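Positions 36 to 528 (this note's numbering) are the ones given, in order, by the sequence shown.
For every residue, glycine included, the Cβ atom is placed at its ideal position computed from N, Cα and C.
Note that the structure is predicted; figures quoted are calculated from it, not measured.
Below: the structure, in structure tokens.
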Amino acid sequence: MTVAPPRQTLADGLEISRILTGLWQVADMEKDGTTLDPNQGADHLQAYLNAGFSTFDMADHYGSAEIIAGRLLSRHAGAGGPQIFTKWCPEPGPMTADVVRAGVQERLDRLGTDCIDLLQFHWWSFEHPAWLDALHEMARLKEEGLIKALGVTNFDAAHLRLALADGIPLVTNQVSFSMIDRRALGPLSQVYADKGVKLLAYGTLCGGFLSDRWLGKPEPAEISDWSKMKYKRFIDAAGGWGGYQAILQAASAIARKHGVSVANVATRWVLDQPAVAGTIVGARLGESEHIADNARLFSFALDEEDRTQLEEAFAQTAPVPGDCGDEYRRPPFLTASGDLSHHLSEMPRAHDATPASHRSDATRVLTGSDWEEIAGYCRAHRIGNRILVSGTTAVAGAARAVAPDDAAAQTTYILDKILAALSALGASAADVVRTRIFITDETDVFDISRAHGRVFSDIKPANTLVVVAGLIGDHRVEIEAEALLSDTPTDMA
Ligand SMILES: NC(=O)c1ccc[n+]([C@@H]2O[C@H](COP(=O)([O-])OP(=O)(O)OC[C@H]3O[C@@H](n4cnc5c(N)ncnc54)[C@H](OP(=O)(O)O)[C@@H]3O)[C@@H](O)[C@H]2O)c1
Numbered sequence: 036m037t038v039a040p041p042r043q044t045l046a047d048g049l050e051i052s053r054i055l056t057g058l059w060q061v062a063d064m065e066k067d068g069t070t071l072d073p074n075q076g077a078d079h080l081q082a083y084l085n086a087g088f089s090t091f092d093m094a095d096h097y098g099s100a101e102i103i104a105g106r107l108l109s110r111h112a113g114a115g116g117p118q119i120f121t122k123w124c125p126e127p128g129p130m131t132a133d134v135v136r137a138g139v140q141e142r143l144d145r146l147g148t149d150c151i152d153l154l155q156f157h158w159w160s161f162e163h164p165a166w167l168d169a170l171h172e173m174a175r176l177k178e179e180g181l182i183k184a185l186g187v188t189n190f191d192a193a194h195l196r197l198a199l200a201d202g203i204p205l206v207t208n209q210v211s212f213s214m215i216d217r218r219a220l221g222p223l224s225q226v227y228a229d230k231g232v233k234l235l236a237y238g239t240l241c242g243g244f245l246s247d248r249w250l251g252k253p254e255p256a257e258i259s260d261w262s263k264m265k266y267k268r269f270i271d272a273a274g275g276w277g278g279y280q281a282i283l284q285a286a287s288a289i290a291r292k293h294g295v296s297v298a299n300v301a302t303r304w305v306l307d308q309p310a311v312a313g314t315i316v317g318a319r320l321g322e323s324e325h326i327a328d329n330a331r332l333f334s335f336a337l338d339e340e341d342r343t344q345l346e347e348a349f350a351q352t353a354p355v356p357g358d359c360g361d362e363y364r365r366p367p368f369l370t371a372s373g374d375l376s377h378h379l380s381e382m383p384r385a386h387d388a389t390p391a392s393h394r395s396d397a398t399r400v401l402t403g404s405d406w407e408e409i410a411g412y413c414r415a416h417r418i419g420n421r422i423l424v425s426g427t428t429a430v431a432g433a434a435r436a437v438a439p440d441d442a443a444a445q446t447t448y449i450l451d452k453i454l455a456a457l458s459a460l461g462a463s464a465a466d467v468v469r470t471r472i473f474i475t476d477e478t479d480v481f482d483i484s485r486a487h488g489r490v491f492s493d494i495k496p497a498n499t500l501v502v503v504a505g506l507i508g509d510h511r512v513e514i515e516a517e518a519l520l521s522d523t524p525t526d527m528a
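What follows is the structure, encoded as structure tokens:
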């Protein structure tokens with residue numbers, strides 16, 4: 036029996052099908068330089084729409100996916116049309132109003148529309164603080180009517196909370212979530228419970244690995260499609276082929292019991308998680324098509340026995356380390372060619388270090404703040420292998436305190452600033468030997484400590500925490516840090 040996917044409301048006037056069709060695969064199909072015919076592509080999308088799979092997910096870098104979706108949109112003026120979700124993934128740099136408007140306008144032009152249903156924002160490195168400027172600017176364009184709803188993609192829980200605490204009206208976070216990669220059950224599900232931001236799950240089928248086709252199969256020596264290349268890395272990070280096959284066997288037994296497919300069980304398990312609004316299943320337009328199978332998804336339900344069986348199989352795998360989105364920002368970089376990382380040749384730094392004029396063995400980081408000139412200080416100073424980072428608050432631009440009501444969010448923002456200064460001087464969080472934290476309200480101590488622990492739980496520098504009578508401006512917390520490099524590199528950043 037097939038049942039059309041149920042619907043879910045994401046925002047006022049935005050209802051989606053709980054299975055979305057993902058179009059990253061268009062980029063893979065076009066990687067030799069030939070683009071798909073937009074009309075034929077739109078015909079394929081129409082078949083999904085006809086079966087009730089009315090929501091499509093794409094991005095600025097998914098080949099001609101936006102053009103193809105735009106062709107479909109043009110055939111459906113008025114009610115009953117598709118919902119088109121895209122992403123803007125700019126290179127880190129200043130996010131002025133003009134830069135953001137141009138990025139959004141390019142999406143509108145390629146889609147041939149005057150309003151994007153859901154625009155999702157990706158950022159490569161939170162050490163580069165302009166991501167918050169970009170989101171505020173996108174929120175303004177939403178107010179102007181160019182965007183119906185705002186989302187992010189690959190945001191960890193700490194930065195999702197920070198964006199929300201700074202007033203960004205986010206409705207979704209698109210992240211990897213599957214029976215292999217279960218990180219989203221952690222802090223991101225807590226953000227959903229606390230703040231209501233829903234998850235759009237991708238990688239649910241691990242590029243097709245979580246399907247009957249791979250049951251009992253040996254580990255492949257070579258993989259050619261980008262999606263499977265990526266998720267093979269997740270399978271390896273989760274302990275390898277043996278644990279993955281154990282999950283497939285459990286899913287296969289459950290699938291047989293219900294008369295459905297392994298892919299159905301894999302998708303159903305993710306969809307059943309309370310934080311998940313929908314799962315995105317990738318489609319290779321005109322090459323392979325799984326509409327009929329995916330439509331079986333809503334004809335059965337997993338029971339308690341099924342969930343226990345899956346939990347037992349999960350226990351044979353290792354948890355993928357870290358939080359969602361870490362795969363784009365820190366080793367072991369579980370992404371693959373063709374994925375977002377393919378589109379950035381080098382990660383631009385937030386700051387550069389400059390030689391100090393008064394000592395030949397010193398370099399320093401100046402951020403350009405007026406106060407650095409007025410008061411005569413720098414953000415961080417390196418002398419030999421020692422680095423001192425000034426007391427840092429969550430100030431954005433000239434004087435705005437970020438997230439003034441949320442001490443944990445301020446701490447996250449501050450630690451990004453400290454990490455940016457350290458990396459300009461050739462150091463990282465692992466080199467930090469001391470932090471000092473000044474707080475204004477004793478009741479914030481646990482929130483601030485947990486936010487500090489997110490970065491430093493493995494490193495455990497010496498630490499002092501002091502409650503002070505007040506800090507200048509709307510700041511609840513200020514942090515300074517000291518780092519020591521074990522060897523002094525000759526090339527100082
Ligand atoms: N935000 C991000 O950073 C990000 C990253 C990756 C992906 N995404 C989004 O998520 C979408 C999903 O892509 P993904 O890479 O995560 O892949 P996925 O959905 O885990 O896997 C897609 C593949 O699974 C196979 N498949 C689909 N339905 C099936 C079924 N019922 N039975 C058996 N096999 C089935 C198809 O393989 P065959 O074609 O070989 O049959 C399809 O190409 C992308 O298109 C994109 O929209 C977002």
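Among residues of its own chain, excluding the 5 on either side of residue i, which ones have a beta-carbon nearer than 6 Å to its beta-carbon?
| i | result |
| --- | --- |
| V501 | F473 |
| I182 | I151, L154, L176 |
| A528 | Because the pLDDT of A528 is 35, which lies under 50, any placement of that residue in the model is unreliable, and the number read from its coordinates should be weighed accordingly. So the qualifying residues of the chain are A388, A459, L460, G461. |
| F212 | A219, A236, V305 |
| G98 | V61, A62, E65 |
| A39 | G87 |
| Y279 | I270 |
| T447 | A193, L197, A486 |
| T499 | R471 |
Below 9 Å between beta carbons: does that hold for residue i and residue j?
| i | j | result |
| --- | --- | --- |
| G317 | L71 | no |
| A219 | H157 | no |
| V206 | A46 | yes |
| S334 | V300 | no |
| L332 | L345 | no |
| A436 | T428 | yes |
| A433 | H386 | no |
| Q209 | Y237 | yes |
| G275 | D260 | no |
| S109 | G76 | no |
| D493 | F161 | no |
| A388 | V400 | yes |
| R136 | E101 | no |
| Q118 | S52 | yes |
| I258 | K267 | yes |
| W123 | G138 | yes |
| R414 | E408 | no |
| A464 | F481 | no |
| Q43 | G313 | yes |
| A281 | D247 | no |
| H163 | P383 | yes |
| L49 | A165 | no |
| L167 | A431 | yes |
Identify, in the order they occur along the chain, each residue of the same chain with its Cβ nearer than 8 Å to the Cβ of residue i, setting aside the five sequence neighbours on each side.
| i | result |
| --- | --- |
| E347 | A285 |
| I326 | A82, Y83, A86, F88 |
| V468 | P496, A497, E517, A518, L519 |
| V355 | I215, D216, R217, R218, F269, A272, A273, L369 |
| L223 | D191, A192, L195, N208, V210, L234, A310, D358, C359 |
| T525 | Reliability of the predicted coordinates at T525 is poor, the pLDDT of 44 falling under 50, and no value is obtained from them. |
| N74 | R106 |
| A174 | L185, G202, I203, P204 |
So residue i packs on residue j, CB below 8 Å; how close in whole Å?
| i | j | result |
| --- | --- | --- |
| W249 | L283 | 6 Å |
| R511 | Q445 | 6 Å |
| A298 | L240 | 6 Å |
| A516 | I453 | 5 Å |
| I422 | A397 | With 8 Å as the limit, I422 and A397 do not qualify as a contact, their Cβ atoms being about 10 Å apart. |
Short of 7 Å in beta carbon distance, which residues of its chain neighbour residue i, apart from the five on each side in sequence? Order them along the chain.
| i | result |
| --- | --- |
| W304 | M214, L337, L345 |
| L529 | Residue numbering for the chain in the displayed model covers 36 to 528; residue 529 lies beyond these limits and cannot be assessed. |
| E477 | V502 |
| H293 | F335 |
| Q225 | A192 |
| Y412 | S425 |
| G180 | C150 |
Identify the residues that DSSP records as bridge partners of residue i: which are they?
| i | result |
| --- | --- |
| F155 | One detail in the question is off: residue 155 reads as Gln in this sequence, not Phe. According to DSSP, Q155 bridges with K122, G186. |
| D92 | G57, F120 |
| R399 | T389, H416 |
| N208 | V187, L234 |
| N498 | T470 |
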